[in-house]
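Student:
Number of protein chains: 4
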Amino acid sequence: MIKVGIAGARGYTGRELVRYLLNHPQVEITRLWAHEIKPGGEVFSKICPEFKGLLDVKIKRFSTDEVKKLDVVFLALPHTVSMNYVPRIINKVRLVVDLSADYRLKDPTVYKKWYRVNHRDLKNLKRAVYGLTEINREKIKNAKLIANPGCYPSGIILALYPLMKAGLLRNVDILVDSKSGISGAGRKKDIGLLYAEVAENIKPYKVNGHQHIPEIVQVLQLKSREKFSFIPQVVPLIRGIINMVYIHFPKKPSKEIFTIYKNYYRLEKFIRIYRKREVPELKDVLYTNFCDLGYLDWLDGNTFFIISCVDNLGKGAAGQAVQNMNVALGLNETTGLI
Amino acid sequence: MIKVGIAGARGYTGRELVRYLLNHPQVEITRLWAHEIKPGGEVFSKICPEFKGLLDVKIKRFSTDEVKKLDVVFLALPHTVSMNYVPRIINKVRLVVDLSADYRLKDPTVYKKWYRVNHRDLKNLKRAVYGLTEINREKIKNAKLIANPGCYPSGIILALYPLMKAGLLRNVDILVDSKSGISGAGRKKDIGLLYAEVAENIKPYKVNGHQHIPEIVQVLQLKSREKFSFIPQVVPLIRGIINMVYIHFPKKPSKEIFTIYKNYYRLEKFIRIYRKREVPELKDVLYTNFCDLGYLDWLDGNTFFIISCVDNLGKGAAGQAVQNMNVALGLNETTGLI
Amino acid sequence: MIKVGIAGARGYTGRELVRYLLNHPQVEITRLWAHEIKPGGEVFSKICPEFKGLLDVKIKRFSTDEVKKLDVVFLALPHTVSMNYVPRIINKVRLVVDLSADYRLKDPTVYKKWYRVNHRDLKNLKRAVYGLTEINREKIKNAKLIANPGCYPSGIILALYPLMKAGLLRNVDILVDSKSGISGAGRKKDIGLLYAEVAENIKPYKVNGHQHIPEIVQVLQLKSREKFSFIPQVVPLIRGIINMVYIHFPKKPSKEIFTIYKNYYRLEKFIRIYRKREVPELKDVLYTNFCDLGYLDWLDGNTFFIISCVDNLGKGAAGQAVQNMNVALGLNETTGLI
Amino acid sequence: MIKVGIAGARGYTGRELVRYLLNHPQVEITRLWAHEIKPGGEVFSKICPEFKGLLDVKIKRFSTDEVKKLDVVFLALPHTVSMNYVPRIINKVRLVVDLSADYRLKDPTVYKKWYRVNHRDLKNLKRAVYGLTEINREKIKNAKLIANPGCYPSGIILALYPLMKAGLLRNVDILVDSKSGISGAGRKKDIGLLYAEVAENIKPYKVNGHQHIPEIVQVLQLKSREKFSFIPQVVPLIRGIINMVYIHFPKKPSKEIFTIYKNYYRLEKFIRIYRKREVPELKDVLYTNFCDLGYLDWLDGNTFFIISCVDNLGKGAAGQAVQNMNVALGLNETTGLI
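Protein chains in written order, with this note's numbering: chain A, 1 to 338; chain B, 339 to 676; chain C, 677 to 1014; chain D, 1015 to 1352.
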């Protein structure tokens, strides 16, 4: 059995990791850590009663000593916090999967610009592998430290990557209109996350100012002449993201784009391509590790349209993290996920 | 025009007061106050954009000086805070309507037991009139300080008061199973109020330990031999309370209870009696000052059943407050409300 | 008092009309009609209990005889049904406001294409005035028959009309990504409208195939060289529409577009312009007749971005209808609405 | 591998069965049937896209011929329909699990009274075993036909059964105030199930008239001198039921009731007993086969209070059905469920 520890197990992403890993036949959840836990630790299923009878172990404050008995550590911690932990544990275990943004951006000046702190672990930043399995599988196989993608980038990059590989993202205008469930913002005390603020409302925010933009730009290798606009919105959903991806071409390419997608993802278990002009609904990916891609055809004029749906806690976080672990440890990629 | 000021105008109750008073033809909203406002004040409709174009005045930190130009002050402040304001303003205006719990409980030892602080304004506590208009109209007409009822007590007392007046609450067992929308908990930073915690959930809380219990017991004059159990629950609603009131009688009284209700409330504009065994739905009272009473018949055995619905921000707070103001100032009781 | 009748008073739009008109000091609701009513009629507030104590009149099956005592008739009927009623009542009253699509499209061949039936009342189709008050006020003043705009067109046209008047919609690519509450689909038996299908879901539908497209194209006078794409989505909301309007210009115009909007709507009471880059939230227009316009600035590249919010039952239907009535009858335009 | 067929696979219960059985390592879903399917059948994952890539088999109209290759058939059909199928298949397979009400009530006159049709399969009605595993495990082991319990009865009976076995339900007054998610009403065209009717609403219905009452009365062996009142309510939830069970005793029994529960369920994997006065939240049982029991203490007076939570599609339907299959076929009871 693979022994794993999860830091930040009480948050929405941490709990989803627990849910997936409990269902994983080759994994044993051995350690759970979180902030604001009483000194001696607390019973996890008292704090997160959905796991009563399933995982009645203790959750404790983090301690480096406990790491060495483990094979894998998942860090479901806030941005700028993870990079305090990685250097202390990276040499004690086979694999660290970091679900924060700390190891995603290769250029520390870009990191500083968007997250407003200096990166404090440049050594491990270099060795970190970006963990979107479908586009980086070979590197993940040998990874020691995996930077698990952001929730928006997961769905958006998967919607655009085949076009990039086909050389069709040159000089285009990309517009992404995304709607996200509120768990994407984390489990924190914030007026904007209250039920009475989110229900019966739609709230656009951080228009062209969201910190996930540089991650998308980096992976898609967008140049300044390729325009990228990102309009995220909070909608009354616990979970799930639907991305409307609009690509305005200077002129229509001669290749059949739908076929590019069909071919590119033909062997992928977690990418489901809908038929041309068929639209996916968000609910069909919830509680799964799937990314559904649909429509995949031209709108009026030179705009190509792709809908991508992911569960921000699934393919956008915990599901993706388990998929990465499976690949990195040489397990069957879908174990615990399908 | 009646000049009014509202303290705590940014909260859910404060906003609802603004909404009602904007619709009141004899009122002018002259002052708005709140905590955590920049020193020079801020434009109210920037903070609460639903009022853009409707009330573009400033909201400021509270200042006693501004009160004397006013006729009425509404205090939509947290419990234990209102009693700091009342002594400073009570003699400067015609009427103070306090929407907190601070002046509802006549016995300061009971107040201390439930709110855990000593009452600091015993003088005004004595003169305060409990503002459930339908049961206290005559006293409200001469009131200088009105203690506006709590949201749960509003619906529950209205459901039980006719029985008390008929002498039928002696030796009974009362059980109230209430479900409330989340705005009843106020607009505050609290994990339990987050969308991702409240949606797709029902959460019982403070079973027989809710601070509204002594208010109900006081008004209904319940004795220790009358048992009262209160089981409140948070449900995924922005607003609204539905109370299921079960009264277990030692033996069935000979009087026809339905008729008692019909008669007691026959002249009341804001109490709507449904036909016997007809059930009200919560949605029909939302955004109104109505209290709907339904079923009003026996269940199996000696249990009489009453459903009462109110909007916790309407009849349970702001609507009730406006109704009280109307009565206290000699206006038509329904002005601005229907 | 202006005597009005409402056909289709039981649907979501019909009820909202009743709500607005009850609040209108110069109107008396005299007749209510609906299908599927028992022969002798039924008490309206039994069917729609939110109006208990407010409007306890009967709702009946439609009868032409009853129309002649009225001043105004509102038709809140399904598409293709209204045109059966208009010819029978148009000469009996001062004003008919039709909330269906039947009199919006000037070209009957376009009507047939999108609604799949022949238009059966060409004579009145000609005289009908398109009732988006802000762009057609003078014609509405003399109107006998008003074609009240569709819910999506209301917000989208108001977001684009100033640009058209400034001659800036030539050769552009317009993309509108709209999210609508479910009441826009009407109160009908349909699996897709069930709570368990709509909650925790987002569902794109009728991509570039929605019947509101020709209405928008007609009013904005779009030519075939101007591209228009429309991507509507159902989100878990009872009511409200947020439109994300993206206009891709071949090159940036020299004029300051924000100023065009500020000027164009400077006298309008129901259009609220947010400051540049400031974003409106949907909740702030719910239960109102406002259209909020925000962001109003360039995204990356040559794409101009406008957010428009309306309540589909307010400015998108019933509120707009009352505003039109006010204008047509020479009343104050905001009466009953603010 | 155990070969199973599911009739009614498109409804909410049917889909949940598919979800559980896909996760069951010893089961192969071989046949799917539903009404209103095109003659040649349709691809199941086209109709229910959440199963795209997971179960891309055909769903067809029911045919008895296909049954004989199967080991188990689940009938997720409406009441009064199942009894048309059972006689045709019962001798062709090892086990039939019927999720309708048709085989739950032992007395056909009671069945007729509540479901308004004559029972048409008295022979199999006699042999049917009531499938609440925790109270009927031994009989289920030898069952050929299992009558899977109703969603309300599952949670309510589990909350009361230990008291009955302890002889403590004599002469008591039982009051059950239940709130259910809307999927309990099935996936059918009904105005009352629309999002715009259910959201922001609570609707009591069938007070003391719900068809699940006789099932509860039968299993708990309630006599006419024991009073039972049932007040179900629809709340804005996709799934889940929370039952507030109030038992009014003529006088308090001397036994410690909490201990009775702890002992009775001490070996049960799917019953989770909360500590005394600790309250469960509904969300913690969603998507699971758990029944959570909490509070388990006295209220004011002689009323004992139990909260029970189940997922109406889990322990209240599909999860329970899989648990029953496991027991009947001699598999590990929790396989596919934990």
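We put the beta carbon where it would ideally sit given N, CA and C, even for glycine. Because the structure is a prediction, the values reported are computed rather than measured.
Strictly below 8 Å CB to CB, what residues from chain B border residue 945 of chain C?
Tutor: Numbered from 1 along the third sequence, position 269 holds the residue referred to as residue 945 of chain C. The contacting residues are 391.
Student: Contact criterion: CB-CB distance below 9 Å. Does residue 1234 of chain D meet it with respect to chain B?
Tutor: Here residue 1234 of chain D refers to the residue found at position 220 of the fourth sequence. No, residue 1234 of chain D lies away from the interface with chain B (no Cβ there is under 9 Å from its Cβ).
Student: Does any C-beta atom of chain A lie closer than 9 Å to the C-beta of residue 577 of chain B?
Tutor: By one-based count along the second sequence, residue 577 of chain B stands at place 239. Yes, residue 577 of chain B lies at the interface with chain A (some Cβ there is under 9 Å from its Cβ).
Student: Bridge partners for residue 1257 of chain D per DSSP, in chain order?
Tutor: Within the fourth sequence, the letter at position 243 stands for residue 1257 of chain D. Note: residue 1257 of chain D sits in a beta bridge opposite D:1192, D:1322.
Student: For residue 410 of chain B, tell me which candidate among B:483, B:488, B:475 has the shortest Cα-Cα distance.
Tutor: The residue given as residue 410 of chain B occupies position 72 in the second sequence. The option with the nearest alpha carbon to residue 410 of chain B is B:483.
Student: Quick one, which residues of the stretch 497-511 of chain B are near chain D if we go by CB-CB under 7 Å, in chain order?
Tutor: So the close ones are 511.
Student: With a threshold of 9 Å between beta-carbons, can residue 236 of chain A be considered close to chain C, or not?
Tutor: For this step, residue 236 of chain A is matched to residue 236 along the first sequence. It does: the Cβ of residue 236 of chain A has a partner Cβ on chain C nearer than 9 Å.
Student: Would the stretch 946-955 of chain C and the stretch 885-892 of chain C be scored as touching if the rule is three or more Cβ pairs under 8 Å?
Tutor: No, because fewer than three Cβ pairs between the stretch 946-955 of chain C and the stretch 885-892 of chain C fall closer than 8 Å, the two stretches do not touch.
Student: Exposed or buried, which one is residue 785 of chain C when buried takes at least 16 other CB atoms within 10 Å?
Tutor: Translated into positions along the third sequence, residue 785 of chain C becomes position 109. Burial call: exposed.
Student: Report yes if the C-beta distance between residue 276 of chain A and residue 293 of chain A is below 9 Å; otherwise report no.
Tutor: The residue labelled residue 276 of chain A in the question sits at position 276 within the first sequence. The residue labelled residue 293 of chain A in the question sits at position 293 within the first sequence. No, they are not a contact pair.
Student: What residue range does the alpha helix (DSSP H) around residue 21 of chain A cover?
Tutor: Stepping through the first sequence from its first residue, residue 21 of chain A is reached at position 21. First-last of the alpha helix (DSSP H) with residue 21 of chain A: 12-22.
Student: Helix, strand or coil: which one does DSSP assign to residue 66 of chain A?
Tutor: Here residue 66 of chain A is taken as the residue at index 66 of the first sequence, counted from 1. Here residue 66 of chain A sits in helix by DSSP.
Student: Which residues, in chain order, does the stretch 537-550 of chain B contribute to contact with chain D at a C-beta distance below 8 Å?
Tutor: Within the stretch 537-550 of chain B, the qualifying residues are 538, 539, 540, 541, 542, 543, 545, 546.
Student: Would you tell me roughly how many angstroms separate the C-alpha atoms of residue 53 of chain A and residue 1037 of chain D, rounded to the nearest one?
Tutor: Mapped onto the first sequence, residue 53 of chain A falls at position 53. Mapped onto the fourth sequence, residue 1037 of chain D falls at position 23. About 19 Å.
Student: Taking the continuous beta strand (DSSP E) assigned at residue 1242 of chain D, which residues delimit it?
Tutor: Your numbering for residue 1242 of chain D matches position 228 in the fourth sequence. Start and end: 1241-1248.
Student: According to the Cβ coordinates, are residue 521 of chain B and residue 570 of chain B closer than 9 Å?
Tutor: Taking the first residue of the second sequence as position 1, residue 521 of chain B is located at position 183. Taking the first residue of the second sequence as position 1, residue 570 of chain B is located at position 232. Going by C-beta atoms, residue 521 of chain B is not nearer than 9 Å to residue 570 of chain B.
Student: Under 9 Å, do residue 1056 of chain D and residue 1033 of chain D count as touching if we go by C-beta distance?
Tutor: Looking up residue 1056 of chain D in the fourth sequence gives position 42. Looking up residue 1033 of chain D in the fourth sequence gives position 19. Taking 9 Å as the Cβ cut-off, residue 1056 of chain D and residue 1033 of chain D do not qualify as a contacting pair.
Student: Per DSSP, what are the beta-bridge partners of residue 704 of chain C in this structure?
Tutor: The residue labelled residue 704 of chain C in the question sits at position 28 within the third sequence. C:679, per the DSSP bridge assignment.
Student: Return the Cβ separation of residue 871 of chain C and residue 1212 of chain D in integer angstroms, given the expectation that the two are a contact with Cβ distance under 8 Å.
Tutor: Counting from 1 along the third sequence, the entry for residue 871 of chain C is found at position 195. Counting from 1 along the fourth sequence, the entry for residue 1212 of chain D is found at position 198. Contact flag correct, Cβ pair sits at about 4 Å.
Student: Does the distance from the CB of residue 378 of chain B to the CB of residue 398 of chain B come in under 9 Å?
Tutor: Reading the second sequence from its first residue, position 40 is the one you call residue 378 of chain B. Reading the second sequence from its first residue, position 60 is the one you call residue 398 of chain B. The answer is yes: Cβ separation under 9 Å.
Student: Could you tell me which of C:731, C:755, C:1005 sits nearest to residue 779 of chain C, measuring between CA atoms?
Tutor: Residue 779 of chain C sits at position 103 when you count from the first residue of the third sequence. Considering only alpha carbons, the answer is C:755.
Student: The ligand FAD heavy atoms versus the CB of residue 326 of chain A: any closer than 8 Å?
Tutor: The ligand content of the structure shown is nil, which means the ligand FAD is not present either.
Student: Verify whether the separation of the beta carbon atoms of residue 1217 of chain D and residue 1190 of chain D is less than 9 Å.
Tutor: Sequence index remark: in the fourth sequence, residue 1217 of chain D carries index 203 (1-based). Sequence index remark: in the fourth sequence, residue 1190 of chain D carries index 176 (1-based). No. Outside cutoff.
Student: Taking DSSP's pairing of strands, which residues face residue 1161 of chain D in a bridge?
Tutor: As a working note, residue 1161 of chain D is residue 147 in the fourth sequence. The partner list for residue 1161 of chain D (beta bridge, DSSP) reads D:1112, D:1144.
Student: Please work out which residues of its chain come closer than 6 Å, Cβ to Cβ, to residue 850 of chain C, disregarding the five sequence neighbours upstream and downstream, and give them in chain order.
Tutor: On the third sequence, residue 850 of chain C is found 174 positions in, with the first residue counted as 1. Taken in chain order, the residues that qualify are 904, 923.
Student: Less than 9 Å between CB atoms is the rule here; does residue 1052 of chain D satisfy it with respect to chain A?
Tutor: If you number the fourth sequence from 1, residue 1052 of chain D lands on position 38. So no, residue 1052 of chain D is outside the interface.
Student: Would you say the stretch 665-676 of chain B touches the stretch 345-354 of chain B, given that touching needs at least three Cβ pairs under 8 Å?
Tutor: Segments in contact, no.
Student: Using 9 Å as the threshold, is the C-beta distance between residue 1119 of chain D and residue 1183 of chain D below it?
Tutor: Residue mapping note: residue 1119 of chain D aligns to position 105 of the fourth sequence, counting from 1. Residue mapping note: residue 1183 of chain D aligns to position 169 of the fourth sequence, counting from 1. Taking 9 Å as the Cβ cut-off, residue 1119 of chain D and residue 1183 of chain D do not qualify as a contacting pair.
Student: Opposite residue 948 of chain C in the DSSP bridges: which residues?
Tutor: For this step, residue 948 of chain C is matched to residue 272 along the third sequence. Bridge partners of residue 948 of chain C: C:968.
Student: Measuring CB to CB, does residue 1230 of chain D end up less than 9 Å from residue 1167 of chain D?
Tutor: Taking the first residue of the fourth sequence as 1, we reach residue 1230 of chain D at position 216. Taking the first residue of the fourth sequence as 1, we reach residue 1167 of chain D at position 153. Yes, Cβ-Cβ distance for residue 1230 of chain D and residue 1167 of chain D is below 9 Å.
Student: If the cut is a Cβ gap below 7 Å, which residues of chain B does residue 987 of chain C touch?
Tutor: Your numbering for residue 987 of chain C matches position 311 in the third sequence. Per Cβ cutoff of 7 Å: no residues; residue 987 of chain C is ~11 Å from chain B at best.
Student: Excluding the 5 residues flanking residue 1080 of chain C on each side, which residues of the same chain have their C-beta closer than 6 Å to its C-beta?
Tutor: With chain C covering 677 to 1014 only, the question about residue 1080 of chain C has no answer from this structure.
Student: When the distance is taken between beta carbons, is residue 865 of chain C closer than 9 Å to residue 1329 of chain D?
Tutor: The residue you call residue 1329 of chain D lines up with position 315 of the fourth sequence. The residue you call residue 865 of chain C lines up with position 189 of the third sequence. No, they are not a contact pair.
Student: Skipping 5 residues on each side, what residues in its chain have a beta carbon closer than 7 Å to that of residue 1186 of chain D?
Tutor: Position 172 of the fourth sequence, counted from the first residue, corresponds to residue 1186 of chain D. Once the five neighbours on either side are set aside, the close Cβ partners of residue 1186 of chain D are 1240, 1261, 1262, 1263.
Student: Distance, Cα to Cα, residue 156 of chain A vs residue 147 of chain A?
Tutor: Along the first sequence, read from residue 1 onward, the residue named residue 156 of chain A stands at position 156. Along the first sequence, read from residue 1 onward, the residue named residue 147 of chain A stands at position 147. Cα to Cα, the separation comes out at about 17 Å.
Student: Mapping DSSP to helix, strand and coil, what is residue 498 of chain B?
Tutor: Looking up residue 498 of chain B in the second sequence gives position 160. Three-state DSSP puts residue 498 of chain B in a helix.
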